[in-house]
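Undergrad: Quick note, the sequences are listed as chains A and B, same order. Its first residue numbered 432, the first sequence is counted upward by one per residue in this note's numbering. Its first residue numbered 432, the second sequence is counted upward by one per residue in this note's numbering. Dropping the structure in here first, questions after.
There are 2 protein chains.
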Amino acid sequence: MTVWDRPEPPPRPVPLDREQIVAAAIALADEGGLEAVSLRKVAARLNAGPMRLYGYISTKEELLDLMVDEVQAEILPEGRPSDWQEALRNLANGTRQTALRHEWLADLLGGRPTLGPNGLAVAEATLAALDDLADIDTVMRAVETVSSYFTGAIRREIANLRAERATGLSKYEWQRASGPYLTRMLATGRFPALTKAVYDGTDVDAEASFATGLDWVLDAVAAKLTRP
Amino acid sequence: MTVWDRPEPPPRPVPLDREQIVAAAIALADEGGLEAVSLRKVAARLNAGPMRLYGYISTKEELLDLMVDEVQAEILPEGRPSDWQEALRNLANGTRQTALRHEWLADLLGGRPTLGPNGLAVAEATLAALDDLADIDTVMRAVETVSSYFTGAIRREIANLRAERATGLSKYEWQRASGPYLTRMLATGRFPALTKAVYDGTDVDAEASFATGLDWVLDAVAAKLTRP
DNA sequence: ACTGAAGAAATACAGTGTATCGATATGAGA
DNA sequence: TCTCATATCGATACACTGTATTTCTTCAGT
Chain A
432 MTVWDRPEPP PRPVPLDREQ IVAAAIALAD EGGLEAVSLR KVAARLNAGP MRLYGYISTK
492 EELLDLMVDE VQAEILPEGR PSDWQEALRN LANGTRQTAL RHEWLADLLG GRPTLGPNGL
552 AVAEATLAAL DDLADIDTVM RAVETVSSYF TGAIRREIAN LRAERATGLS KYEWQRASGP
612 YLTRMLATGR FPALTKAVYD GTDVDAEASF ATGLDWVLDA VAAKLTRP
Chain B
432 MTVWDRPEPP PRPVPLDREQ IVAAAIALAD EGGLEAVSLR KVAARLNAGP MRLYGYISTK
492 EELLDLMVDE VQAEILPEGR PSDWQEALRN LANGTRQTAL RHEWLADLLG GRPTLGPNGL
552 AVAEATLAAL DDLADIDTVM RAVETVSSYF TGAIRREIAN LRAERATGLS KYEWQRASGP
612 YLTRMLATGR FPALTKAVYD GTDVDAEASF ATGLDWVLDA VAAKLTRP
């Protein structure tokens, strides 16, 4: 059997690594949200069969963990400001910006402990900001409080943003004007405070609202630090 | 064809309503987590075919929304304390307790706006606690800050709790003793603050930690309220 | 040149959310 | 009281999921 009879061998499969897999998964998630991430689609994007991925990860959850850790690299600030409040603000805003770039992150934020290298680096940076400003336990309490705040705030912001996109109206426009169900509910008079908020509240933009809440929490932390 | 030939007609299907459907779904989720909730299983629990449910909901997401709203009823306190801090604490602790009873709630918390009747009632109660203590915009900012905090804190707590269950060790035991990956990472010396926290930090219980953070945030709110 | 091991691919399976369709029971109109 | 339209239920179907298993190919070492 001559060379001419034999067909060319199938191209050697391009070598893979976790980095490529994670990048492909992130690309899919950025385009179509978390629900667009399936092992089959990730593999297809790399010209591979689905089962190929199981050499690099052993479960889809692991892939999600890797994705989170990967984008957490974007959170880390370049320099470390001397002011601890500024440092924490940077981390909070960094997380927020990252979540705005990768909205699927909001679905995963706080969902499980982040123990990847970048997750640890973020934790380190957060703790380092407060290092030596109080005893460790106080510092830990402060870190937990601050990051609980911004985790929750970011999730809420993204949730509202999606709702706006789904209806095409800003939250308050919608509540005030056209949401028939909500209008009806408010009209029952059972939610006076809520009604006042909806009709008389100013529709401040999300960034400002995030910053204000963050400032408050940082002030609270400051108050506890200076008094050990 | 006589009666004797004809089989008895199939039993008239038991009438359904959303309440039963949601109850069945919640039962499944309580037992096996959110991933145990499938339309087929919910329907089976009610002796119905899967498609039957689509008369009452038009998508699985709607079912999840109904589930969240249903358990939000458990959050609402009986009486309204005059002290606004106490009122907010009640709501925060109520949410936490509910999430501990229905751990799947943590997966959904903050995931999308809660506009069901009970969700609105919770929002009303939260706003009402601060009503007349400041201008509406400040009140809204305060409410968002507080609930961002406890949403995030609860998610983290449940996440840690699950991680503990998965490894059989408390977070700190695990970090300190046996997690080989983490031990190795800490040993690199790249995470000094984190290392200190892991080895020297006291392992306070989740409830206390939640309460402390909450107190801090409430203090912060108090500071902003009294000075309009 | 042959064998063993490793790795990729194909196939397979049980399960998912939901669209469609055919039968059937129920209520309205004559 | 009978008939017909309408609503409702169940079955079937489809495209897709995560993952186990089995089959085949290719290379390394003897």
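Backbone N, C-alpha and C fix where the C-beta goes; we use that ideal spot for every residue, glycine too.
In the structure shown, what three-state DSSP assignment does residue 650 of chain B receive?
TA: Residue mapping note: residue 650 of chain B aligns to position 219 of the second sequence, counting from 1. Helix, per DSSP.
Undergrad: With burial defined as no fewer than 16 other Cβ atoms inside 10 Å of the residue's Cβ, what is the status of residue 478 of chain B: buried or exposed?
TA: Counted from its first residue, the second sequence places residue 478 of chain B at position 47. Exposed, by the Cβ-count rule.
Undergrad: What three-state label does DSSP hand residue 622 of chain B in the structure shown?
TA: Taking the first residue of the second sequence as 1, we reach residue 622 of chain B at position 191. Coil.
Undergrad: Please return the same chain residues whose Cβ sits closer than 6 Å to the Cβ of residue 435 of chain A, not counting the five positions on each side in sequence.
TA: As a working note, residue 435 of chain A is residue 4 in the first sequence. Confidence at residue 435 of chain A is low in this model, with a pLDDT of 48, below 50, so its placement is unreliable and no value can be given for it.
Undergrad: What are the start and end residues of the alpha helix (DSSP H) that includes residue 482 of chain A?
TA: For the purposes of this step, residue 482 of chain A is taken as residue 51 along the first sequence, with counting starting at 1. Taken as a continuous stretch (DSSP letters only), residue 482 of chain A belongs to no alpha helix (DSSP H), as it is neither H nor E.
Undergrad: Short check: CB of residue 583 of chain A to CB of residue 513 of chain B, under 7 Å?
TA: Start at 1 with the first residue of the first sequence, and residue 583 of chain A comes out as number 152. Start at 1 with the first residue of the second sequence, and residue 513 of chain B comes out as number 82. In this structure, residue 513 of chain B does not lie closer than 7 Å to residue 583 of chain A by Cβ.
Undergrad: In this structure, how does DSSP classify residue 506 of chain B when only helix, strand and coil are distinguished?
TA: Reading the second sequence from its first residue, position 75 is the one you call residue 506 of chain B. Looking at residue 506 of chain B - three-state DSSP - the assignment turns out to be coil, as it is neither helix nor strand.
Undergrad: Go to residue 465 of chain B, then tell me how far its alpha helix (DSSP H) extends in each direction, as first and last residue.
TA: Counted from its first residue, the second sequence places residue 465 of chain B at position 34. From DSSP, residue 465 of chain B is part of no alpha helix (DSSP H); its letter is neither H nor E.
Undergrad: Hey, how far is the Cα of residue 527 of chain B from the Cα of residue 638 of chain B?
TA: Locating residue 527 of chain B in the second sequence gives position 96, where the first residue counts as 1. Locating residue 638 of chain B in the second sequence gives position 207, where the first residue counts as 1. Answer to the nearest angstrom: the Cα atoms are 9 Å apart.
Undergrad: Among A:651, A:589, A:656 and A:646, which one has its Cα closest to the Cα of residue 521 of chain A?
TA: Mapped onto the first sequence, residue 521 of chain A falls at position 90. That would be A:646, whose Cα lies nearest to the Cα of residue 521 of chain A.
Undergrad: Looking at the unbroken alpha helix (DSSP H) that takes in residue 447 of chain B, where does it start and where does it end?
TA: On the second sequence, residue 447 of chain B is found 16 positions in, with the first residue counted as 1. Note, residue 447 of chain B: premise wrong, no alpha helix (DSSP H); not H, not E.
Undergrad: Judging by CA-CA distance, which residue of A:450, A:494, A:486 and A:600 is the nearest neighbour of residue 469 of chain A?
TA: Numbered from its first residue, the first sequence carries residue 469 of chain A at position 38. With distances taken between Cα atoms, residue 469 of chain A lies closest to A:494.
Undergrad: What residue from A:630, A:618 and A:560 has the CA that sits closest to residue 628 of chain B's CA?
TA: The sequence position of residue 628 of chain B within the second sequence is 197, counting from 1. Comparing Cα positions, the closest option is A:560.
Undergrad: Give me the residue from B:503, B:504, B:544 and B:446 with the minimum Cα distance to residue 492 of chain B.
TA: Against the second sequence, residue 492 of chain B aligns to sequence position 61. Considering only alpha carbons, the answer is B:544.
Undergrad: List, in order along the chain, the chain B residues whose C-beta lies closer than 7 Å to that of residue 631 of chain A?
TA: Within the first sequence, residue 631 of chain A is the residue found at index 200, counting from 1. Ordered by position in chain B, the residues that pass the 7 Å Cβ test against residue 631 of chain A are 567.
Undergrad: Tell me the rounded alpha-carbon separation between residue 519 of chain A and residue 626 of chain B.
TA: The residue you call residue 519 of chain A lines up with position 88 of the first sequence. The residue you call residue 626 of chain B lines up with position 195 of the second sequence. Cα to Cα, the separation comes out at about 19 Å.
Undergrad: Tell me which same chain residues have a C-beta within less than 6 Å of the C-beta of residue 571 of chain B, skipping the five on either side of it?
TA: One-based indexing of the second sequence puts residue 571 of chain B at position 140. Cβ within range, chain order: n/a, list empty.
Undergrad: Determine the burial state of residue 433 of chain A: buried for a count of at least 16 other Cβ atoms within 10 Å of its Cβ, exposed for fewer.
TA: Numbered from its first residue, the first sequence carries residue 433 of chain A at position 2. Caution applies to residue 433 of chain A, whose pLDDT of 48 falls short of 50 and renders its modelled position unreliable; the model cannot decide the point.
Undergrad: Step through the CB atoms of chain B and report whether any lies within less than 7 Å of the CB of residue 653 of chain A.
TA: Position 222 of the first sequence, counting from 1, holds the residue named residue 653 of chain A. Residue 653 of chain A does not count as touching chain B.
Undergrad: Under 7 Å between the Cβ atoms of residue 574 of chain A and residue 557 of chain A?
TA: In the first sequence, the residue the question calls residue 574 of chain A occupies position 143. In the first sequence, the residue the question calls residue 557 of chain A occupies position 126. Yes, they are a contact pair.
Undergrad: Can you grab the Cα-Cα spacing for the pair residue 547 of chain A / residue 500 of chain A, in whole Å?
TA: For the purposes of this step, residue 547 of chain A is taken as the residue at position 116 of the first sequence. For the purposes of this step, residue 500 of chain A is taken as the residue at position 69 of the first sequence. Those two C-alpha atoms are separated by around 6 Å.
Undergrad: I want to verify the contact list: residues of chain B whose CB lies under 7 Å from the CB of residue 613 of chain A, in sequence order.
TA: In the first sequence, residue 613 of chain A corresponds to position 182, counting from 1. Simply 546.
Undergrad: Would you report the Cα separation of residue 524 of chain B and residue 530 of chain B, rounded to the nearest angstrom?
TA: As a first step, residue 524 of chain B must be located in the second sequence, where it is residue number 93. As a first step, residue 530 of chain B must be located in the second sequence, where it is residue number 99. Computed Cα separation, rounded: 10 Å.
Undergrad: Could one say the Cβ of residue 582 of chain B lies closer than 7 Å to chain A's Cβ atoms, at least one of them?
TA: Locating residue 582 of chain B in the second sequence gives position 151, counting from the first residue. So, interface residue.
Undergrad: Would you say residue 624 of chain A and residue 555 of chain B are within 7 Å of each other, going by their C-beta atoms?
TA: For the purposes of this step, residue 624 of chain A is identified with residue 193 of the first sequence, where counting begins at 1. For the purposes of this step, residue 555 of chain B is identified with residue 124 of the second sequence, where counting begins at 1. It is a contact, given that the beta carbons lie within the stated cut-off.
Undergrad: Using the beta-carbon of each residue, which ones in chain A are nearer than 7 Å to residue 627 of chain B?
TA: Here the question's residue 627 of chain B lines up with position 196 in the second sequence. Correct list: 567.
Undergrad: Could you give the distance in angstroms between the alpha-carbon of residue 446 of chain A and the alpha-carbon of residue 536 of chain A?
TA: Working through the first sequence from its first residue, we reach residue 446 of chain A at position 15. Working through the first sequence from its first residue, we reach residue 536 of chain A at position 105. Using only the alpha carbons, I get a separation of about 28 Å.
Undergrad: In chain B, what lies closer than 7 Å to residue 551 of chain A by C-beta?
TA: In the first sequence, counting from the first residue as 1, residue 551 of chain A sits at position 120. By Cβ distance, chain B contributes 616, 622 and 625.
Undergrad: Using the beta-carbon of each residue, which ones in chain B are nearer than 9 Å to residue 529 of chain A?
TA: Taking the first sequence and counting its residues from 1, one reaches residue 529 of chain A at position 98. In chain order: nothing, as chain B lies at least about 16 Å away.
Undergrad: With a floor of 4 residues, list each alpha helix (DSSP H) that falls wholly inside the segment 522-582 of chain B, ordered by position along the chain.
TA: Fully enclosed alpha helix (DSSP H) runs of 4 or longer: 535-539 and 548-561.
Undergrad: I want to see whether chain A comes within less than 7 Å of residue 498 of chain B, judged by CB atoms only; does it?
TA: Indexing the second sequence from 1 puts residue 498 of chain B at position 67. Cβ-Cβ to chain A under 7 Å: no for residue 498 of chain B.
Undergrad: Out of B:551, B:503, B:452 and B:464, which one is the CA nearest neighbour of residue 483 of chain B?
TA: As a first step, residue 483 of chain B is located in the second sequence; it is residue number 52 there, counting from the start. The residue with the shortest Cα to Cα distance from residue 483 of chain B is B:452.
Undergrad: Please report the straight-line C-alpha distance between residue 590 of chain B and residue 541 of chain A, rounded to a whole angstrom.
TA: Mapped onto the second sequence, residue 590 of chain B falls at position 159. Mapped onto the first sequence, residue 541 of chain A falls at position 110. C-alpha separation (whole angstroms): 7 Å.
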